[in-house]
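Residue numbers (this note's numbering), protein chains in the order written: chain X, 1 to 558; chain S, 559 to 1116. Worksheet for the structure shown next.
2 protein chains.
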Amino acid sequence: NAEILSSQYGLNLFLAGLVLMFAWAVHAAGLAKSAVLAYLVTLMLLQLVWMAWYVCRRYTQKRLIQDKDTHAGARWLKCGITLFAMITLIMDSFKIGYFVGYSDCLSITEGIFPVTHAVHTLVQVYFLWCYAKDIIQSFKTLERFGVIHSVFTNLLLWTNAVLAESKHQLNEHKERLITLGFGNISIELDDHAPQCNCTTASLCSIFSQGIYYLYPFNIEYHILASTVLYVLWKNIGRNVEHLQHHKIPFRFQGKTLGTILGMMVFATTIAIVVVYLIQIGRTKLKSEIALMMFYLYAIIVLTLMCAAGIVALVIYRLEDRSLDVSKNPARKLDGDLLVGTASGSWLLSWGSILAIICAETHPSYTWYNLPYSILVIIEKYVQNLFIIESIHREHEKSHDDIKTLRILTVSNGSTLSPAPSYKEIYNGINGIHNGDLSYKFNGSVCLPESNGTGSPDEEKSEPCKADAPSASGSSRYRRNFTVNKRRILKNVAAFLFLCNLSLWIPPAFGCRPEYDNGLEEMVFGFEPWIIIVNLAMPFSIFYRMHSAASLFEVSCIT
Amino acid sequence: NAEILSSQYGLNLFLAGLVLMFAWAVHAAGLAKSAVLAYLVTLMLLQLVWMAWYVCRRYTQKRLIQDKDTHAGARWLKCGITLFAMITLIMDSFKIGYFVGYSDCLSITEGIFPVTHAVHTLVQVYFLWCYAKDIIQSFKTLERFGVIHSVFTNLLLWTNAVLAESKHQLNEHKERLITLGFGNISIELDDHAPQCNCTTASLCSIFSQGIYYLYPFNIEYHILASTVLYVLWKNIGRNVEHLQHHKIPFRFQGKTLGTILGMMVFATTIAIVVVYLIQIGRTKLKSEIALMMFYLYAIIVLTLMCAAGIVALVIYRLEDRSLDVSKNPARKLDGDLLVGTASGSWLLSWGSILAIICAETHPSYTWYNLPYSILVIIEKYVQNLFIIESIHREHEKSHDDIKTLRILTVSNGSTLSPAPSYKEIYNGINGIHNGDLSYKFNGSVCLPESNGTGSPDEEKSEPCKADAPSASGSSRYRRNFTVNKRRILKNVAAFLFLCNLSLWIPPAFGCRPEYDNGLEEMVFGFEPWIIIVNLAMPFSIFYRMHSAASLFEVSCIT
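Rendered as structure tokens:
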């Protein structure tokens, strides 16, 4: 019940902040930006106090053995958060510099905010590195409040960054419209340029320009941190079965093709984005050429991604391995987030499709929009299926020694051990369908099922191949087939990982054809379509980063 | 994996419909109402085909014994759906009459839609009555698609109804503003009155008036149907432990006080709503008096509800019973929906609070708005805690005979039964902390722990009292205390049930102070606040109906 108590507290915290930001965004009477910043600073300070308290308590109670959730807070996720956090720190220092430059006419909260934010970032990254895997079993109610407070503080900081970024994008879009001579839409720039002159003029413009290029990283940092904290919150008071979870090292071999193809896509994307940003909004013709280039490129990449995803799914259908259905907050959150955030871009795509159907005039570039939108929908559909199926697969690690021991215990045992251990046995049996590492086991191709126990039905289903002297050609063929399948899956995962990372770049850095092709704006009207894009785009951007993270995990465990 | 496959299909279906309705709502170029209706009709026909197929298949395979989820599709829920469905049928007949009247100038889809909708309603209610408890184990992929299609078709019909209702409310609000002489806001009525004359003029106006009074029931019907279907979808392919779940009859005795108080609130609400709707928008003074009356009344009711909820929570803290944490889609959905939809009204309340803080002028009635908004937040917070804790409580039925049997099995057993049965034993042990019915067992106050096994530590913790000849007064005192606690809880649940039903009426029938006190509109601006209200209000209204349904269940099982 403390779960409901704390989640409702967090929700209200979040909603209050949301209303505050909304009011600021619509220029509500009597509300300054400083009110929003003050609220955020308060929340961050509260979180700092709680984290300090938690770290102290953990330090004094070191002897207490604590459970760890091995699935939560994977190392590569922490590395990603640290990278983004470092860029966020740079952004904070830019903001401080900007404030110093304009210190005459900016409210003091604009200076306090980046300082607090920098401290908050440092402490939070330390906290996540050390305690993300904890399963808290004491002081549960207080801990729940602390963790959920942190989750929603990060979400609010995310919302704040998204809002600033959206305003900036909208301003740029309006400037482009003015350049192109669309005077019929009532355009007012939502500028927050201070009223006084900067004391160090050249630096100030660098700072204000630079901040917007660093925002996408700040946005990803907060959302990733809040997902890790959310998993920590879900883990409070949970009973875990102690599964040995070997560390999975990242290996490069066996995914050369996928990586090379992916790197090519990555490089092309950066080139395309640069050309797009230079060309768009100059003249009508240049804009149209830039749009067509972008659509053509995106159609090719998305088609490749769809094909890769479908190949992987077909391979999964061919091999009939059992799925791991045990409870796991980190994995469940991954799946829900993928489907949930994909909805954002699906909404945009359906909007585009509807606009194309309803529009009266069809400039040539709009016809590229239709296959692009349809491919976006299909690609995310296929990719979600692939990722979710992959992370629910059994891991490839060999548990056969443990399992043998346990089955022997059961067969001989006349006394009962307590229930959890019996449950573990069942988990053990579920967890042994492994194939990859067992090949390395003494160089033999003996599947672990036949070590030790040798019950007849197990031998029938997966017979031991290499230990038997008459290793037939068919078994070698089968082994090659399995190895090939595994290699294809690895390459697909690596390719999709790099593609998703690439496709994150265009929307995050202001290459948004949803704004620039005027089609949807014409059909839906300027205001309604801008609202839809601004609501759906953050989720669409987050989807790319999150699926890249998930695919990295997949390419490690496959 | 079929779960992800089908849920993504459903989501895309939903998003496409959502975009279509949004485009219609913002008067997108080249899109008529008939496109939206045609889409809905197609979805309904598809659902009808699937339901017919499912019913046929169930009929031919009658001999197959199917599992049932006893928690899903409770009888009172089905009764509620049937009631709302009947009113929906009346609405459909009104719509058909309206179409006949204006048949010269209305598109043919406006006539097809209500006919299809009526057939769809009839078949769906039959389907829900007969098959809501099914746990489908065959043809899983096809069934998943069918059920999720039904879920999202109902959600889209809900959205459509909400949209029509919102437009109607907004028009009424704008008419009131015109009456009060607020000419400064650019007002355009979003009227869809047909261009030709009605053939039977008097009937047409009755129909068009009547439709809007019946919409709230139609809205509730669709959302309730989609929750039941969602639970059916979650149950596909699930393995249930066969728990005996006794039918719980609704009993009136023991909750007289709560029911009487609740009925008084109910009657007062109807009176208040009628007075409010007559007074509001006539003159400025009458509007203010109506608003003050509404706020005062709501503050009193909400305070009473908070107090009742807190009393119930304190009682729960006093008795230390274990919670039932077994997996259960129906219950989990209930909890999530309560918290999720409460967010809608929390958002509105935080908006009001912010508006009061920021506003420059404060007419007297705005000060009533502040405690009202705060009380709304607290009341939902407390009520959610109470409901979720109640539905997670162990049922009051006596399992002691089963439990004794099982513990005996364990103590004697030297061979192992399969894992599920072992798990059941654990469930059994969790499920025996009951106090109420065991008192009736031979009239003794002996706690069930001491039947049969009699292990020393259990006897120490809860010694058997009444079998001993010296039955002291303290045991009788304790029994009375328990009976009293139970009676209080019953009354609280009954009272809260009727209060929630009452509080559903004002917003559902157009008594919306968020529109009528001009405060938020002044601070946020007309358009932004209208958007917030129109997005959040449907969830707020649904919250009241859903919490009433949950509280009805609670008052039955307590």
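Note that beta-carbon positions come from the ideal geometry of N, C-alpha and C, so glycine has one too. Here the structure is a predicted model, which means the values were calculated and not measured.
Best match in the options for proximity to residue i [C-alpha to C-alpha]
i, options, result
"residue 1050 of chain S", "S/894, S/869, S/562", "S/869"
"residue 392 of chain X", "X/345, X/126, X/329", "X/329"
"residue 308 of chain X", "X/24, X/21, X/94, X/488", "X/488"
"residue 134 of chain X", "X/109, X/233, X/123, X/202", "X/233"
"residue 52 of chain X", "X/128, X/22, X/19, X/80", "X/128"
"residue 130 of chain X", "X/117, X/269, X/69", "X/69"
"residue 207 of chain X", "X/525, X/99, X/40", "X/99"
"residue 720 of chain S", "S/636, S/1081, S/1068, S/1076", "S/1068"
"residue 141 of chain X", "X/164, X/125, X/237", "X/237"
"residue 331 of chain X", "X/381, X/231, X/266", "X/231"
"residue 43 of chain X", "X/359, X/267, X/147, X/342", "X/147"
"residue 826 of chain S", "S/842, S/797, S/856, S/841", "S/856"
"residue 126 of chain X", "X/173, X/225, X/109, X/93", "X/225"
"residue 326 of chain X", "X/160, X/239, X/533", "X/239"
Burial state of residue i, where buried means 16 or more other Cβ atoms lie within 10 Å
i, result
"residue 512 of chain X", "buried"
"residue 520 of chain X", "buried"
"residue 663 of chain S", "exposed"
"residue 367 of chain X", "exposed"
"residue 8 of chain X", "buried"
"residue 40 of chain X", "buried"
"residue 617 of chain S", "exposed"
"residue 179 of chain X", "exposed"
"residue 1054 of chain S", "buried"
"residue 76 of chain X", "exposed"
"residue 27 of chain X", "exposed"
"residue 209 of chain X", "exposed"
"residue 108 of chain X", "exposed"
"residue 217 of chain X", "buried"
Proximal chain X residues relative to residue i, where beta-carbon distance stays under 9 Å
i, result
"residue 1054 of chain S", "Going along chain X, no residue has its Cβ under 9 Å from residue 1054 of chain S, so there is no contact; the nearest lies around 16 Å."
Listed by chain order, chain S residues near residue i by CB distance under 7 Å
i, result
"residue 351 of chain X", "577"
"residue 5 of chain X", "943"
"residue 8 of chain X", "897, 939, 942"
"residue 354 of chain X", "577, 578, 581"
Beta-carbon neighbours of residue i, restricted to chain S and to distances below 8 Å
i, result
"residue 318 of chain X", "Correct list: empty, because the minimum Cβ distance to chain S is about 14 Å."
"residue 359 of chain X", "587, 588"
Any C-beta of chain X under 8 Å from that of residue i
i, result
"residue 1105 of chain S", "no"
"residue 573 of chain S", "yes"
"residue 1086 of chain S", "yes"
"residue 797 of chain S", "no"
"residue 569 of chain S", "yes"
"residue 904 of chain S", "yes"
Cutoff 8 Å: residue i Cβ touching any chain S Cβ
i, result
"residue 34 of chain X", "no"
"residue 553 of chain X", "no"
"residue 377 of chain X", "yes"
"residue 93 of chain X", "no"
"residue 343 of chain X", "yes"
"residue 540 of chain X", "no"
Contact list for residue i against chain S, beta-carbon separation under 9 Å
i, result
"residue 523 of chain X", "581, 586, 587, 588, 589"
"residue 389 of chain X", "559, 562"
Chain-ordered neighbours of residue i on chain X, where CB pairs are closer than 8 Å
i, result
"residue 611 of chain S", "Within 8 Å Cβ-Cβ: nothing; residue 611 of chain S doesn't reach chain X, min ~25 Å."
Proximity test, residue i beta-carbon vs the ligand HEM heavy atom, cut-off 7 Å
i, result
"residue 485 of chain X", "This structure lacks the ligand HEM; in fact it carries no ligand of any kind."
Within the region 852 to 906 of chain S, ranges of the beta strand (DSSP E) (whole runs, at least 3 residues): If we require 3 residues or more, the region 852 to 906 of chain S turns out to have no beta strand (DSSP E) run fully inside it.
Unbroken stretches of the beta strand (DSSP E), 3 residues or longer, contained in the region 45 to 119 of chain X: For the region 45 to 119 of chain X, not a single whole beta strand (DSSP E) run of length 3 or above is found.
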